[in-house]
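Visitor: Chains as they are written, first to last, in the numbering used here: chain B, 91 to 517; chain W, 1393 to 1678.
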Ligand SMILES: Nc1ncnc2c1ncn2[C@@H]1O[C@H](COP(=O)(O)OP(=O)(O)O)[C@@H](O)[C@H]1O
Ligand SMILES: [Mg+2]
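#1: Can you pull the chain B residues whose beta carbon is under 7 Å from the beta carbon of residue 1537 of chain W, in chain order?
#2: Can residue 163 of chain B be considered in contact with ligand 2, in the sense that its beta carbon sits closer than 7 Å to one or more heavy atoms?
#3: Using a Cβ-based criterion (distance less than 7 Å to any ligand heavy atom), does residue 34 of chain B qualify as near ligand 2?
#4: Are the beta-carbon atoms belonging to residue 198 of chain B and residue 280 of chain B less than 8 Å from one another?
#5: Spatial neighbours of residue 1558 of chain W within its chain, please: C-beta separation below 6 Å, excluding the five flanking residues on both sides.
#6: Beta-carbon within less than 8 Å of residue 493 of chain B's beta-carbon, same chain only, minus the 5 sequence neighbours each way: which residues are those?
#7: Less than 8 Å between CB atoms is the rule here; does residue 183 of chain B satisfy it with respect to chain W?
#8: If we ignore side chains and look at the alpha-carbon of each, how far apart do residue 304 of chain B and residue 418 of chain B end up?
#9: Where does residue 321 of chain B land, buried or exposed, given buried means 16+ other C-beta within 10 angstroms?
#10: Tell me the DSSP secondary structure of residue 474 of chain B in three-state form.
#11: Run down chain W in chain order and give the residues with a C-beta less than 9 Å from the C-beta of residue 206 of chain B.
#12: Within 10 Å of its beta-carbon, does residue 1460 of chain W have 16 or more other beta-carbons around it, so buried, or fewer, so exposed?
#13: Excluding sequence positions up to five away, which residues of its chain have a Cβ less than 8 Å from the Cβ of residue 1434 of chain W?
#14: Along chain B, which residues have their Cβ under 7 Å away from the Cβ of residue 1597 of chain W?
#15: If you measure from the CB of residue 159 of chain B, is any heavy atom of ligand 1 nearer than 7 Å?
#16: Can you pull the chain W residues whose beta carbon is under 8 Å from the beta carbon of residue 226 of chain B, in chain order?
#17: With DSSP as the reference, please indicate the residues paired to residue 341 of chain B in a beta bridge.
#18: Does residue 171 of chain B have its Cβ less than 8 Å from a Cβ in chain W?
#19: Alpha carbon to alpha carbon, how far is residue 45 of chain B from residue 253 of chain B?
#20: Determine the extent of the alpha helix (DSSP H) in which residue 114 of chain B is found, giving its start and end residues.
#21: Compute the Euclidean distance between the alpha carbons of residue 1629 of chain W and residue 1493 of chain W, then round it to the nearest angstrom.
#22: Determine, using beta carbons only, whether residue 259 of chain B comes closer than 8 Å to chain W.
#23: Mapping DSSP to helix, strand and coil, what is residue 1411 of chain W?
#24: Enumerate in chain order the residues of its own chain whose CB-to-CB distance from residue 1668 of chain W is below 6 Å, with the five nearest sequence positions on each side excluded.
#25: Are any of the Cβ atoms in chain B nearer than 8 Å to that of residue 1600 of chain W?
#26: Contact defined as beta carbons within less than 8 Å: I believe residue 147 of chain B pairs with residue 99 of chain B. What is the distance between those atoms, to the nearest angstrom?
#27: Does the region 1560-1569 of chain W come within contact of the region 1604-1623 of chain W, defined as at least 3 CB pairs closer than 8 Å?
#28: Roughly how many angstroms separate the alpha carbons of residue 1453 of chain W and residue 1568 of chain W, rounded to a whole number?
#29: Can you pull the chain B residues whose beta carbon is under 7 Å from the beta carbon of residue 1665 of chain W, in chain order?
#30: Evaluate residue 1604 of chain W with the Cβ neighbour count: other Cβ atoms within 10 Å of its Cβ, from every protein chain shown; 16 or more gives buried, anything less gives exposed.
#31: Could you say which of B:328, B:359, B:407 and B:105 lies nearest to residue 308 of chain B if we only look at CA atoms?
#32: Could you name the residues of chain B that residue 1676 of chain W contacts, counting a contact when the two beta carbons are closer than 8 Å?
#33: Can you tell me where the beta strand (DSSP E) with residue 144 of chain B in it begins and where it stops?
#34: Are the Cβ atoms of residue 272 of chain B and residue 223 of chain B separated by less than 8 Å?
#35: Taking DSSP as the reference, what is the three-state secondary structure of residue 249 of chain B?
#36: With 8 Å as the threshold, decide whether the Cβ of residue 238 of chain B is near any Cβ in chain W.
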């Protein structure tokens, strides 16, 4: 599918002009020379819909195109499969430049490699939910039985079972968009294109659909390009986000980079309202130097190290760096006093609370509040990557609050003392 | 001396037109014969079926259609009642003959009008040619259509049907064009995005979504065809129209009134039933 670098789709300097009749080359030259959109429009009457957009989308990636209304998002995503003909530039899908393809070749790409979900659903109102869901397969000429099976499975996956024989008009907006999604999923696309799929829905339904879609994206390992003007949506769903202004991509970054390191004031003002809890993940805020020990390590040096670093919990790991238990300073100290020389995962140890590196920090709050120890951040094999304390969480959120810089103090880790002041039960 | 227009500048168009027509007849006689044969076959079969059916069956069909089209007991009773009224005036047989002409004319209009309408919708150039022709046709007095029909096909029911089709087909073309052009572009775009060919888009999206408008066109065509039956009777269409014509010639207003009322009754029955189905379909896709 993707090339050796894992790139499934690539745009190279894609430009789309509107109203450029007769002086395309002249306008393109102005675009290359960096003349502003307004100036081009007032001088030559041409609208620059998309301006030299370049980006790459990798296999399995969730790529977001974000920008204010009129910034060229819809135009850009449509040029990818030539629903709008690009004026200039190259678009490589799965190794082939689609801008050089014949109508017929383009149709094959649309039939076999991509599927699109539209803001206004784009359903066929005279067809049933099932017939809509199988439409992409029908254009491909797939047999009736296979079509039904695949469409049915897609309908089940988007949670519309039982609605197969209804017409779209009988469904709510959210359900109609599910039909649009089922149509795309049954198509089994290498790349899923979505133009503001959730923005026509009311807020509660929108959030619900976003979450469901995030899950689907994970489960089905989709490669998705999604257009949105909703920052929260972009931060929540995206692996990388491209920000557009006046047809131009001005920054491509991960949600994290975007908020912490915006390319310019425009992006900064765009991401200003971002709440870190919504997009920051465990990996971004964790400390990567947790205090660890192995079973059988001597107790005394460990106690010294804890006092020195003012860290009052230590994680016990095995040879594969897998966390097996967590020990508090007090428990260790008591063991030391009673003459134990080596650390053992016995009565003093406790089962650690763990989380995934990609877990949103909003989801980590309840975990942190439920344990007296830091939360261990572990990878999918259980190996320790870092730790998160209550303070780290608070600190991350503090970025969100406007206050004078000299008042900002890094909270000392002393507050973690109390975490250790409790009875330790056995694992 | 200016009381008489000078003979010397007279243009003799009529001889040329007549010459052109006889040339056409000589050269393309086979084509005209073929067209006439097709129309005659359609017409005769329709007439056979309609006159073969016992009247209670026809009443039953009207009642059932009226019920499913309007879902209203009152409308069903009124529409069936109109059919009974035609029978009570003694015009049942003539009404069936008229109905055969109307159905034939509408069928042929559909077969001709739909492709032209589609062409006009898909090509702005074709539209630019067809539109003024339709405008012109609509301002033409209905009588004018009799002349070419008469010239190419002589007297009888076939030229009557041809004149009726020529007169009645413009709204169908116009509304097919309009219907397809106003189909929601988002549905067309979605079909394109999933790799539909222009033909698949026409079949799966444009025609079904334009259908309510096309049906309105068929409805208008039917109404115009009904209006044309009286005029077409001048060149040999039998049925209710001829009855009205006879009444005019014999200065028998009562008879003309009865026959005219029957034509109106037919118009109302056909209009209500087709409109009812069109509305239901429209409802189901909106
Ligand atoms: N068919 C068109 N003709 C002329 N200008 C267009 C057309 N479509 C879009 N534009 C212009 O291109 C720019 C980008 O539009 P669009 O891609 O719809 O933005 P977005 O999806 O980000 O809201 C806008 O300035 C818009 O006015
Ligand atoms: Mg848009």
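Cβ coordinates follow ideal geometry from the N, Cα and C atoms, glycine included.
Guide: A quick look at the data gives this:
#1: The premise fails here: residue 1537 of chain W is roughly 36 Å from chain B at the closest Cβ pair, so nothing lies under 7 Å.
#2: yes
#3: With chain B covering 91 to 517 only, the question about residue 34 of chain B has no answer from this structure.
#4: no
#5: 1537
#6: In this predicted model, residue 493 of chain B has a pLDDT of only 43, less than 50, meaning its place in the structure is not dependable; the value taken from the coordinates is given anyway. Nothing listed; no residue qualifies.
#7: no
#8: 37 Å
#9: buried
#10: strand
#11: 1581, 1582, 1585 and 1586
#12: exposed
#13: 1496, 1499 and 1500
#14: 214
#15: yes
#16: 1586 and 1587
#17: B:333
#18: yes
#19: Outside the shown range of chain B (91 to 517) lies residue 45 of chain B, about which nothing can therefore be said.
#20: 114-122
#21: 8 Å
#22: yes
#23: helix
#24: 1461 and 1462
#25: yes
#26: 4 Å
#27: yes
#28: 29 Å
#29: By Cβ distance, chain B contributes nothing, its closest Cβ being about 21 Å from residue 1665 of chain W, past 7 Å.
#30: buried
#31: B:328
#32: 216, 257 and 259
#33: 137-148
#34: yes
#35: coil
#36: no
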